[in-house]
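In what follows, a structure is listed as structure tokens, so that the remarks can point back to it.
2 protein chains.
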Amino acid sequence: MPRPRSLTPDQLASAALTVLDRDGLAGLTMRAVATQLRMSTMGLYRYVTHRAELEALVVELVFGGVDPTPPAGPADWRDRIRIMVERVRTAVEAHPAVVPLSVSHRHTSVSLLRWSEAVLGILTEAGLDGRRRALALRGLLSYVIGAIQLEHLGALAGAGTRAIAGLPPDEFPHLTETARYARRIGPAEEFDGGLDILLRGLLDPPAQVDPSAPAPE
Amino acid sequence: MPRPRSLTPDQLASAALTVLDRDGLAGLTMRAVATQLRMSTMGLYRYVTHRAELEALVVELVFGGVDPTPPAGPADWRDRIRIMVERVRTAVEAHPAVVPLSVSHRHTSVSLLRWSEAVLGILTEAGLDGRRRALALRGLLSYVIGAIQLEHLGALAGAGTRAIAGLPPDEFPHLTETARYARRIGPAEEFDGGLDILLRGLLDPPAQVDPSAPAPE
DNA sequence: CTCGTAGGCGTACGGCGTACTCCTACGAAT
DNA sequence: ATTCGTAGGAGTACGCCGTACGCCTACGAG
Numbered sequence: 007m008p009r010p011r012s013l014t015p016d017q018l019a020s021a022a023l024t025v026l027d028r029d030g031l032a033g034l035t036m037r038a039v040a041t042q043l044r045m046s047t048m049g050l051y052r053y054v055t056h057r058a059e060l061e062a063l064v065v066e067l068v069f070g071g072v073d074p075t076p077p078a079g080p081a082d083w084r085d086r087i088r089i090m091v092e093r094v095r096t097a098v099e100a101h102p103a104v105v106p107l108s109v110s111h112r113h114t115s116v117s118l119l120r121w122s123e124a125v126l127g128i129l130t131e132a133g134l135d136g137r138r139r140a141l142a143l144r145g146l147l148s149y150v151i152g153a154i155q156l157e158h159l160g161a162l163a164g165a166g167t168r169a170i171a172g173l174p175p176d177e178f179p180h181l182t183e184t185a186r187y188a189r190r191i192g193p194a195e196e197f198d199g200g201l202d203i204l205l206r207g208l209l210d211p212p213a214q215v216d217p218s219a220p221a222p223e
Numbered sequence: 007m008p009r010p011r012s013l014t015p016d017q018l019a020s021a022a023l024t025v026l027d028r029d030g031l032a033g034l035t036m037r038a039v040a041t042q043l044r045m046s047t048m049g050l051y052r053y054v055t056h057r058a059e060l061e062a063l064v065v066e067l068v069f070g071g072v073d074p075t076p077p078a079g080p081a082d083w084r085d086r087i088r089i090m091v092e093r094v095r096t097a098v099e100a101h102p103a104v105v106p107l108s109v110s111h112r113h114t115s116v117s118l119l120r121w122s123e124a125v126l127g128i129l130t131e132a133g134l135d136g137r138r139r140a141l142a143l144r145g146l147l148s149y150v151i152g153a154i155q156l157e158h159l160g161a162l163a164g165a166g167t168r169a170i171a172g173l174p175p176d177e178f179p180h181l182t183e184t185a186r187y188a189r190r191i192g193p194a195e196e197f198d199g200g201l202d203i204l205l206r207g208l209l210d211p212p213a214q215v216d217p218s219a220p221a222p223e
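Chains as they are written, first to last, in the working numbering: chain Y, 7 to 223; chain F, 7 to 223.
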């Protein structure tokens with residue numbers, strides 16, 4: 007065996023993350039990351055075959071900061087879920103420019119798999135299983151992904167809501183009125199409020215039990 | 007006033023949508039759209055100042071296909087919401103490549119504003135108002151955005167789930183077991199299942215009423 | 001009739017991802 | 001100590017992209 011590699015994937019990823027934090031998503035180019043690492047542009051391709059692979063490394067680095075161990079503290083399983091979700095949210099929000107990347111590379115992250123495993127564990131303790139548990143995890147993921155993007159595209163207490171408040175009230179009576187409330191809702195409150203709705207829905211027994219639901223194989 | 011324009015924004019948008027459907031998001035370039043319209047590349051810039059503006063036109067065209075009138079049929083308000091949400095889902099799914107664009111240009115679409123207005127109307131009839139109504143709409147939007155993306159990045163009955171089913175069961179016991187159920191869940195079922203959770207949560211009275219909630223101004 | 005704007009074409013620039021080539025430096029196996 | 005395979009690194013080049021800019025033509029309202 008000859009000469010070992012002199013850069014770990016982690017070093018690569020954190021160089022890219024530095025660029026991303028500094029210059030935003032549009033600034034994340036192979037050339038910029040190479041410069042950050044003080045190597046030639048093409049040198050990057052020794053470690054990575056595509057730009058997409060570099061992006062995946064960054065996403066994994068960010069999700070790697072999420073503690074995947076289920077919290078032992080709260081008795082209420084909904085509080086434990088809240089904590090798990092909050093961990094993802096804070097990890098992503100420390101680096102807003104990774105939001106779009108985290109959506110498209112979510113499925114390649116083993117850290118997020120471990121997170122999902124823990125969440126499923128909590129859901130299992132809560133008495134969910136089979137089909138309901140699968141739908142619950144998927145629903146949670148959908149909400150988290152959507153809510154994080156919404157927050158970064160324009161939180162409720164932001165310019166978009168202000169624009170809506172200025173719409174013609176005769177054409178948009180509910181929207182304009184709602185916008186007045188929405189301006190007072192901070193990002194965390196907004197996120198938790200939606201999560202609460204979802205958790206309340208999880209708690210309830212299913213509206214109707216489908217006897218034809220498939221059994222595990 | 008001299009000479010009127012010879013192309014409507016709608017013609018522009020549908021040319022772009024044709025390209026998008028045929029060549030995917032990466033194929034949606036100014037050059038390709040111009041060729042589709044049989045004009046020179048730079049001719050496009052007579053109608054549009056950026057590529058982003060063209061993208062917004064496409065998104066508005068797609069959302070323009072969503073019927074914004076609240077459905078009169080079902081007595082249960084949740085069924086009416088389901089119909090409204092389903093309309094968005096089907097409109098977007100007819101053009102899968104528009105999914106990423108619809109997320110980033112969502113806020114510029116007046117069609118989506120009208121849709122939101124109608125949804126707020128239904129929520130109002132359901133007895134929600136003020137802060138709760140704002141959070142409900144935002145929660146619904148978050149879920150819809152996240153779920154649509156999840157579906158197009160890899161539905162439950164897809165390759166991702168199959169990969170998860172093949173993970174080491176000792177490290178991911180819940181995930182591997184859940185994946186076996188998840189393979190049987192079709193996209194529509196998955197989407198509706200998550201929506202049901204949310205709607206169930208909306209129905210319930212709030213877990214605790216916050217007396218310090220801000221009043222409307 | 002005329003003049004301002006739309007229509008249209010072509011060229012050019014800078015930046016992107018990345019394929020390819022060439023040379024050097026190391027370090028484990030011999 | 002020598003050898004040899006791979007990592008490191010630089011540089012060049014290609015084909016895309018968005019788009020700034022200039023020039024000429026055609027039309028239609030005043």
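Glycine included, every Cβ here is placed at the ideal spot set by N, Cα and C. All figures in this text were calculated on a predicted structure; none of them were measured in a lab.
Chain F residues whose Cβ lies nearer than 9 Å to that of residue i
i       : result
Y/ALA62 : By Cβ distance, chain F contributes nothing, its closest Cβ being about 13 Å from Y/ALA62, past 9 Å.
Y/ALA78 : Under the 9 Å cutoff, chain F gives no residues; its nearest Cβ is about 17 Å from Y/ALA78.
Terminal residues of the alpha helix (DSSP H) in which residue i lies
i        : result
F/PHE197 : 193-209
F/ALA140 : 136-160
F/PRO102 : Unbroken run through F/PRO102: none, as it is neither H nor E.
F/TYR51  : Unbroken run through F/TYR51: none, as it is neither H nor E.
F/ASP16  : 15-33
Y/PHE178 : Per DSSP, Y/PHE178 belongs to no alpha helix (DSSP H) and is neither H nor E.
F/SER12  : From DSSP, F/SER12 is part of no alpha helix (DSSP H); its letter is neither H nor E.
Y/SER122 : 116-131
F/GLY166 : 165-171
F/THR41  : 36-42
F/GLY70  : 57-70
Partner residues on chain Y for residue i, Cβ-Cβ distance less than 9 Å
i        : result
F/ILE191 : ARG137, ALA140, LEU141, ARG144 and PRO220
F/ILE89  : Going along chain Y, no residue has its Cβ under 9 Å from F/ILE89, so there is no contact; the nearest lies around 17 Å.
F/ALA19  : What F/ALA19 touches in chain Y: nothing, since even the nearest Cβ is about 21 Å away.
Contact set between residue i and chain Y, taken where Cβ atoms lie within less than 7 Å
i        : result
F/PHE178 : LEU119 and GLU123
F/THR130 : HIS180
F/GLN155 : VAL109 and ILE151
F/THR47  : In chain order: nothing, as chain Y lies at least about 22 Å away.
Contact set between residue i and chain F, taken where Cβ atoms lie within less than 8 Å
i        : result
Y/GLU196 : LEU141 and ARG144
Y/VAL98  : Result: empty, since nearest Cβ-Cβ is about 13 Å, beyond 8 Å.
Y/LEU204 : GLY145, TYR149, ILE203, LEU204 and GLY207
Residue i and residue j closer than 9 Å at C-beta
i        : j        : result
F/ALA103 : F/ASP16  : no
F/ARG206 : Y/GLY207 : yes
Y/LEU18  : Y/TYR53  : yes
Y/VAL150 : F/GLY79  : no
F/SER148 : Y/GLY127 : no
F/HIS113 : F/VAL68  : no
Y/LEU173 : F/LEU119 : yes
Y/ALA132 : Y/TRP83  : yes
F/ARG137 : F/LEU129 : no
F/GLU61  : F/LEU43  : no
Y/GLU59  : Y/SER117 : no
Y/ARG57  : Y/MET36  : yes
F/GLY49  : F/ALA40  : yes
Y/TRP121 : Y/VAL98  : no
Y/VAL91  : Y/ALA22  : no
Within chain Y, the residues that residue i reaches when beta carbons sit closer than 8 Å
i        : result
F/HIS113 : LEU159, GLY160 and GLY166
Near the ligand ZN: residue i beta-carbon under 8 Å from a heavy atom
i        : result
Y/VAL105 : Annotation note on the ligand ZN: not contained in the displayed structure, which lists no ligands.
Contact list for residue i against chain F, beta-carbon separation under 7 Å
i        : result
Y/GLY127 : HIS180
Y/SER148 : TYR149, GLY152, ALA153, LEU156 and GLY200
Discussion item. Count Cβ pairs between the region 193-203 of chain F and the region 157-175 of chain F that sit closer than 8 Å; are there 3 or more?
Written reply: Output reads yes: the region 157-175 of chain F touches the region 193-203 of chain F.
Worksheet item: Between the region 186-193 of chain Y and the region 72-84 of chain Y, do at least 3 Cβ pairs fall closer than 8 Å?
Response: The region 186-193 of chain Y and the region 72-84 of chain Y do not touch, with fewer than 3 CB-CB distances between them shorter than 8 Å.
Discussion item. Using a Cβ distance threshold of 8 Å, determine whether the region 106-120 of chain F contacts the region 181-189 of chain F, with at least three qualifying pairs required.
Written reply: Touching, no.
Worksheet item: If you pair each beta-carbon of the region 166-180 of chain F with each one of the region 138-158 of chain F, do three or more pairs fall below 8 Å?
Response: Taking 8 Å as the limit for Cβ pairs, the verdict is that the region 138-158 of chain F does not touch the region 166-180 of chain F.
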